[in-house]
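Take a look at the structure set out below.
In the numbering used here, the protein residues as written are 7 to 249.
As structure tokens, then:
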């Protein structure tokens with residue numbers, strides 16, 4: 007299997023390389039012989055060569071730089087998503103997939119247009135929160151942290167329900183975006199380290215795109231223990247806040 011870590015050097019604000027290492031490791035444990043390929047600004051890759059594509063979060067400035075380069079892959083990414091192949095975009099990277107991004111100075115940047123949502127940034131304060139999300143395709147909730155300065159409106163296919171924390175925009179109880187097996191979320195952490203059940207799900211989906219393999223996850227005991235502690239503490243805080 008081949009993993010593409012795109013813009014690995016400029017979209018790595020929260021140590022998102024950890025997400026790529028997590029996928030690589032679970033595939034190694036499952037004897038899938040993964041290969042990680044990195045690419046960045048000015049490079050050219052063929053998405054057909056890959057089973058998993060990942061982009062992490064960057065500063066607002068770096069996001070606009072990457073967006074200008076990323077647009078050259080619009081048709082490739084559309085085909086990749088339609089083929090049901092797996093991609094994960096965390097932090098503000100998934101904002102590039104929408105119709106437009108308007109920055110804090112009211113400059114409007116055309117997005118890739120894969121989705122119809124629009125993103126508007128503001129410069130007064132950043133919105134931060136510990137979060138608990140749920141998803142229809144997972145039995146366990148997700149935990150993590152969101153740090154953003156954007157409001158996203160017009161998402162028709164969100165990925166998560168918000169149980170605690172913040173959604174795509176103020177008052178929204180939905181978060182992120184998904185289409186087939188493309189997942190976009192502001193969850194950072196990195197998300198696949200903090201949420202081993204989501205990692206397992208990604209690995210199982212990958213097994214449907216190439217030769218079948220068994221997912222070996224006994225080694226995730228520490229990750230599961232850390233997840234349980236985080237979920238317990240956040241659940242207590244959520245319950246206390248609701249009283």
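C-beta atoms are modelled at their ideal positions from N, C-alpha and C, and glycine is treated no differently.
Does chain C have any CB closer than 8 Å to the CB of residue 21? Among the protein chains of the structure shown there is no chain C, as only one such chain exists.
Comparing alpha-carbon positions, which option in 99, 197 and 129 lies nearest residue 113? One-based indexing of the chain shown puts residue 113 at position 107. Nearest option by C-alpha distance: 129.
Give me, in chain order, the residues of the same chain whose beta-carbon lies closer than 8 Å to that of residue 151; leave out the 5 immediate sequence neighbours on both sides. On the chain shown, residue 151 is found 145 positions in, with the first residue counted as 1. Contacts found: 134, 135, 136, 137, 193, 194 and 195.
Nearest to residue 140 by alpha carbon, out of 103, 162 and 182? Along the chain shown, one-based indexing puts residue 140 at 134. That would be 182, whose Cα lies nearest to the Cα of residue 140.
Close-in-space but distant-in-sequence residues of the same chain around residue 65 (CB under 7 Å, 5 per side omitted): The residue you call residue 65 lines up with position 59 of the chain shown. Taken in chain order, the residues that qualify are 19.
Continuous beta strand (DSSP E) assignments of at least 3 residues falling wholly in the segment 162-200: 166-170, 183-185 and 188-191
Is the segment 199-212 close to the segment 76-87, with three or more CB pairs under 8 Å? no
In whole angstroms, what separates the C-alpha of residue 41 from that of residue 55? Residue 41 sits at position 35 when you count from the first residue of the chain shown. Residue 55 sits at position 49 when you count from the first residue of the chain shown. Roughly 11 Å separates the two Cα atoms.
Find the nearest neighbour of residue 49 within the set 212, 101, 94 and 77, judged by alpha-carbon distance. Along the chain shown, read from residue 1 onward, the residue named residue 49 stands at position 43. Residue 77 is the option with its Cα nearest to residue 49.
The beta strand (DSSP E) that contains residue 76, what's its start and end? The residue given as residue 76 occupies position 70 in the chain shown. No beta strand (DSSP E) contains residue 76, which is instead part of the alpha helix (DSSP H) from 66-76.
Neighbourhood of residue 225 by C-beta, 7 Å cutoff - its chain only, sequence neighbours within 5 removed: As a first step, residue 225 must be located in the chain shown, where it is residue number 219. Counting only Cβ-Cβ distances below 7 Å, and skipping sequence neighbours, we find 35.
Between which two residues does the alpha helix (DSSP H) containing residue 204 stretch? In the chain shown, residue 204 corresponds to position 198, counting from 1. Here the alpha helix (DSSP H) through residue 204 covers 202-212.
Less than 8 Å between the C-beta atoms of residue 32 and residue 221, yes or no? Start at 1 with the first residue of the chain shown, and residue 32 comes out as number 26. Start at 1 with the first residue of the chain shown, and residue 221 comes out as number 215. Taking 8 Å as the Cβ cut-off, residue 32 and residue 221 qualify as a contacting pair.
According to DSSP, residues forming a beta bridge with residue 136: In the chain shown, residue 136 corresponds to position 130, counting from 1. Answer is 151.
Quick check on the burial criterion: 16 or more other C-beta atoms within 10 angstroms. Buried or exposed for residue 91? Here residue 91 corresponds to residue number 85 of the chain shown, with the count starting at 1. Result: buried.
Return the bridge partner residues of residue 159 from the DSSP annotation. As a first step, residue 159 must be located in the chain shown, where it is residue number 153. Its beta-bridge partners are 124.
Nearest by alpha-carbon distance to residue 126: which of 29, 106, 143 and 186 is it? Against the chain shown, residue 126 aligns to sequence position 120. Ranking 29, 106, 143 and 186 by Cα distance to residue 126 puts 106 first.
If you reduce the DSSP assignment to three classes, tell me which class residue 100 lands in. Here the question's residue 100 lines up with position 94 in the chain shown. Reduced to three states, the DSSP call for residue 100 is helix.
Per DSSP, which one or two residues make a beta bridge with residue 41? Walking along the chain shown from the start, residue 41 turns up at place 35. DSSP output for residue 41 lists 8 as bridge partner(s).
For residue 131, count neighbouring Cβ atoms within 10 angstroms of its own Cβ and tell me buried if that reaches 16, exposed if not. Position 125 of the chain shown, counting from 1, holds the residue named residue 131. The residue in question, residue 131, is exposed, as its Cβ has fewer than 16 Cβ neighbours within 10 Å.
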